[in-house]
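Residue numbers (UniProt numbering), protein chains in the order written: chain A, 1 to 477; chain B, 1 to 450. Using N, Cα and C, we set each Cβ at its ideal position, and we do this for glycine too.
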C-alpha cells in the first residue's frame, strides 16, 4: 500500500497462523487491485455504519458485541482464508485515507474503528487478548497479592456496585494512571486511589481501546498531512475520485439549510410545530411558549433545528425576541441572547454555519435541572412520555408500542413509531435526525410523495457511481 | 446622599482620609474599583501562580508561557474583551488598571499568543488551540433551587450555604484521595457559589475526554425537569467514593442540618416531594397516611420525626426489593450531593472568573476558601469593596505592612493564598521542571553516545 506509506510488513501473527487483532501500526506491502481497493472499503464501511447505527440506538455492550460479530461475519469474509487478514488491513487503510480529510470525518472514523476494535477484542480468547496487550507494550504491572489484600474491600465494593463477580485472590488487577481509562472513571467502574485506577482483567478492553484510539488519532493526523501535501495531487486521476466519493456517501444530508421546502415563515410556525415537529422539538417549542425562556442547550437544540427547517435569521430573531422579551425584557434579549442566535447562523464569532443536532447527538446530551433539551424518549420519566405522546395525538395502542421501544432503549425506533402513529404511514428508513423527521412529515402532508425513503447511508454507498475499473494496479511501484 | 455625591464627583475623596469614619455605601462603582485595582489587587501573586515557575531563571523555563494565557475582561456596560494576553506582571497590571474590568476571566494557555491568533490562522492548519488548562469546577447554588426552601435564584443565606460547604468537602477529598491531586484552590465566586481550580501539572494537561471522565465520576444527579427521580443508585453496593461521601459528609449534613434548616417535612407539598422518590406506591401511601394524622402534640421536631418514620419503614426489612434498599440514600443524595456545572469542567477552553475579582452585584471579593475549615466560611462576612477601602483609609490593622492589602481584611486572604496554595505549588513546579530537564539531558547524552 504505497499510497499511504512505505511499508514494512510485520506479519508475525499471520506467520504463526494465529488470527489476532491487527493494530494497523503500518501499512502492509501488498499489491491491491483497484477493484478490491473500493470493494473492501465498502465492505468495511458497512460494518462501521452498522456499528454507528447500533450505538445511536443505545444498544448495550452485550448487544453490540453480538452485532459486531454478525456485521464482521457478513461483510469481511473472503473466499481465500489467507486473504482475510489482508482484507481487514487493506480496508482499514483505505478508509483511513478516506476519513482523514476533515475534522468531522476523522472524529467519526476514530469512534467507529475504536468501537469495532473494542468489540472484536472482547470476542477474542483470553490468550489472544493477552497477546494484544503485550503488543501494546504497556508498562503496567499487575497488583501484587499483598497490595491486593489491602484494597480488597474496596475492589469488592466496586465489583458489587456494577454487578460483577467478586474478585478472588488470584484475580489480576492492573494499576494504571486514571487518565488511561477515562470511560471506566466516568462510569465509576474502577476503584481510584491517589491517581491510580485498579483495572480488572475483564476491563482491560477499556485500556487497550484507549491506546488504540490514541494511536489511530495520531496516525489520522499524519495521514491527513500527507493527503493534503502529496497524495491528493499525485492520485488525482486514480484514487482521489474514489476516496472523495466514498466519504461523501457517509456524511449524507446535514440539514444545515432548509433546502427542500424553502422556508417557514413566522405565521406558519405554530401550525408546522403541531404537525411536523418531533417530540423533542415540540416539547422545547411548547416550553418556550409557556415559560418564555429556555436554557442554553435548549436554545441551541431548538434554534439550530428551526434554522434547518428554514427559518430565516431575521425571523429567528423576531421569534426568540417575542418570547424572551416577555420574561427578560427586550433590552436584555438584545444584549444577552441575540448574539448567540446570530452566532448559530454564522454571523458572529468564528462565523461557522452550525448544523442542527442529529438524534445521536441529542440522545447523548445530559439535561440537568431546569433543562428541557435532550431526547424525551431517553430523558423523560415514563409518565411524562405517556403524557407527551397523548398530547401529540398517539392512540393508546400506539403509546404502548412506543413505550416498549423506550424500555429497550431503542429511542430512535420509539420516535419512528410515534411518527408512524401520527402520520398513519410507515417510515421505513427510520428517524435519524429531527430535521429528517420534519422533512419526512412535510413530504407526507404535502402528499408530494408517499413516504419517501430518505437516502440512508448504506444504500447511498452502494448506489455510488464509481469510475470504470479494469486495470490491475500495483499500489507498490 | 452626601456620600453618593462625593463618590461620584471626586476621585481623590477617598484617599485623602476625609471619609475615614463615615460609612461608605455598600455598593459597587467604578471609582471604588479603580482604587481597588490601584492599591489592593494582588497582581504579583496571580502572575506567579499563572506562570507555574516559568518566570524563573532555570534553563527549562518557557518564557512564553504566561503570554500564551487568555484573559478576558468584562467592562462596564457589558463590553466583553476576549483573547487578551500579557507578557509580564507589569503589563498585566497596566492592562487591568487601564481598562478597570468589572470581571476578569481566565482561559487556557494556547499554543500561540491568543492576541495574535489571527496572524496564525492564515497558515491554514489550525495551530491556535488550547494546550494547558487547570481542571476547574463551578458550583452554583441556583442549581439547588428544587431542594432549598430558604432562598431561590441568586440569593444565599446561612441556611443553604452548608450545601456549598458539603460540595467543597466531597469534591476536595475525592480530588486528593482518589485522583491524587495536590494543588487545589477553592474560591468564593462573590455571590452564589464556589469555584475550584486544580493546578497540578497532570491536571493542566488533561485532555477534554479525561476532564469529562472526572466530571462524570462526580455526577450522581441526573434529573432533568421532566423526570421526578433525580438520583438513581443502582447496583448491589455503592462505589467507595459514594460510600465515603455519604458517611463522612452527606448523611450528617442532611440529618443534622438540612432537615431542620430547610424544613424538609414541614408541609404536605414538601412531604409529597420526598414520597415521590419512593418507587413503591404502597410504602409511600403508608407513610402519607401516617403523616396526615395530626401529630399528637409532640415537642420533637416534625422533620426529624418524619425522617425517622421514613427510614424505619424503608429499612425495616418488611419491604424487600432492589428499588427500596437504596431509597434512603437516594433521598439524602438528592437533597445534598454536589451539583456541578458539567460543561465548565469538560472543556479546556471554558473561562472562569479570576480569584480576587470583585462581584459587581454584591461588591464582595472572590476570596480563597480553606477547604479544611470550609465549614467556618461565612459568605455574608466576606470583605466588600467599600469595607476594604474604608479600612485602607482609616489606616488601621498592621501599620507596617509592605502592601496596602496588609492593612485591610484582604490581608488574611492573600496570606492564606500564598502559604497554603502558591508556595507549595511553586515548589512542586520547580521540582517537576528540574526532573523533566534532567531526564531530557540524560536522553540527549544517551543519544550522543551512540
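Asked                                                                                                                                                                                               : Found
Could you give the distance in angstroms between the alpha-carbon of residue 271 of chain B and the alpha-carbon of residue 265 of chain B?                                                         : 5 Å
In chain B, which residues lie less than 7 Å from residue 195 of chain A when you measure between Cβ atoms?                                                                                         : 179, 180
Cα separation between residue 150 of chain B and residue 181 of chain B?                                                                                                                            : 35 Å
Taking CB distances under 7 Å as the criterion, tell me whether residue 182 of chain A reaches chain B.                                                                                             : yes
Thinking just about the alpha-carbon of each residue, which of B:197, B:99, B:376, B:408 is nearest to the one in residue 386 of chain B?                                                           : B:408
Can you tell me which of A:142, A:325, A:124 puts its alpha carbon nearest to the alpha carbon of residue 336 of chain A?                                                                           : A:325
Provide the residue(s) that pair with residue 167 of chain B in DSSP beta bridges, ordered along the chain.                                                                                         : BP columns for residue 167 of chain B are empty, so no partner.
Taking the Cβ atom as the reference point for each residue, do residue 35 of chain B and residue 389 of chain B lie within a distance shorter than 7 Å?                                             : yes
Got a sec: which bits of the stretch 322-347 of chain A sit with their beta carbon under 7 Å from any beta carbon on chain B, in order along the chain?                                             : 335
So, do the stretch 76-87 of chain A and the stretch 39-58 of chain A have three or more beta carbon pairs nearer to each other than 8 Å?                                                            : yes
Who are the neighbours of residue 370 of chain B on chain A, taking C-beta pairs under 9 Å?                                                                                                         : Here the premise fails: no neighbours, minimum Cβ distance about 22 Å.
Please list the partners that residue 154 of chain A has in chain B, where partner means a Cβ-to-Cβ separation under 7 Å.                                                                           : 240
Check each candidate in A:290, A:334, A:268 and name the one with the smallest Cα separation from residue 306 of chain A.                                                                           : A:268
Does the Cβ-Cβ distance between residue 415 of chain A and residue 278 of chain A come in under 7 Å?                                                                                                : yes
Taking only beta-carbon atoms, is residue 210 of chain B less than 7 Å away from chain A?                                                                                                           : yes
Would DSSP call residue 88 of chain B helix, strand or coil?                                                                                                                                        : coil
Mind listing which residues of the stretch 240-267 of chain B have their C-beta closer than 9 Å to chain A's C-betas, in chain order?                                                               : 240, 241, 242, 243
Mind pulling the chain B residues with CB within less than 7 Å of residue 191 of chain A?                                                                                                           : 240
So, is residue 210 of chain B buried or exposed, given that buried needs 16 or more other C-beta atoms within 10 angstroms?                                                                         : buried
Below 9 Å on C-beta distance, what does residue 428 of chain B contact in chain A?                                                                                                                  : The premise fails here: residue 428 of chain B is roughly 14 Å from chain A at the closest Cβ pair, so nothing lies under 9 Å.
List, in chain order, every chain B residue whose beta-carbon is nearer than 9 Å to that of residue 69 of chain A.                                                                                  : Those do not exist, as residue 69 of chain A stays about 27 Å from chain B at its closest Cβ, beyond 9 Å.
Tell me, please, whether the CB atom of residue 213 of chain B is closer than 7 Å to any CB atom in chain A?                                                                                        : yes
Please list the partners that residue 217 of chain B has in chain A, where partner means a Cβ-to-Cβ separation under 7 Å.                                                                           : 185, 186, 188
Are residue 113 of chain B and residue 68 of chain B touching if we call contact CB-CB under 7 Å?                                                                                                   : yes
What residues in its chain sit with their C-beta under 8 Å from that of residue 136 of chain B, if we drop five residues either side in the sequence?                                               : 195, 196, 197, 198, 344, 345, 350, 352
Which residues in chain B have a C-beta closer than 7 Å to the C-beta of residue 160 of chain A? List them in chain order.                                                                          : 235, 236, 237
Per DSSP, what kind of secondary structure is residue 156 of chain A in: helix, strand or coil?                                                                                                     : helix
Identify the continuous beta strand (DSSP E) that holds residue 59 of chain B and give its terminal residues.                                                                                       : Per DSSP, residue 59 of chain B belongs to no beta strand (DSSP E) and is neither H nor E.
Could you tell me if the beta carbon of residue 163 of chain A falls within a distance shorter than 6 Å of some heavy atom in the ligand MG?                                                        : Looking for the ligand MG in the displayed structure turns up nothing, as the structure carries no ligands at all.
What are the boundary residues of the beta strand (DSSP E) that residue 388 of chain A is part of?                                                                                                  : Note, residue 388 of chain A: premise wrong, no beta strand (DSSP E); alpha helix (DSSP H) at 382-392.
Determine, using beta carbons only, whether residue 383 of chain B and residue 358 of chain B come nearer to each other than 7 Å.                                                                   : no
Taking the C-alpha atoms as reference points, what is the distance between residue 34 of chain A and residue 238 of chain A?                                                                        : 9 Å
Inspect the beta-carbon positions of residue 233 of chain B and residue 329 of chain B and report whether they are closer than 7 Å.                                                                 : yes
How many Å lie between residue 444 of chain A and residue 437 of chain A at the Cα?                                                                                                                 : 11 Å
Kindly list the residues whose CB is nearer than 7 Å to the CB of residue 509 of chain B, restricted to its own chain and excluding five residues on each side of it in sequence; keep chain order. : With chain B represented from 1 up to 450, any question about residue 509 of chain B goes unanswered, as that position is not in the structure.
List the residues that DSSP assigns as beta-bridge partners of residue 177 of chain A.                                                                                                              : A:196
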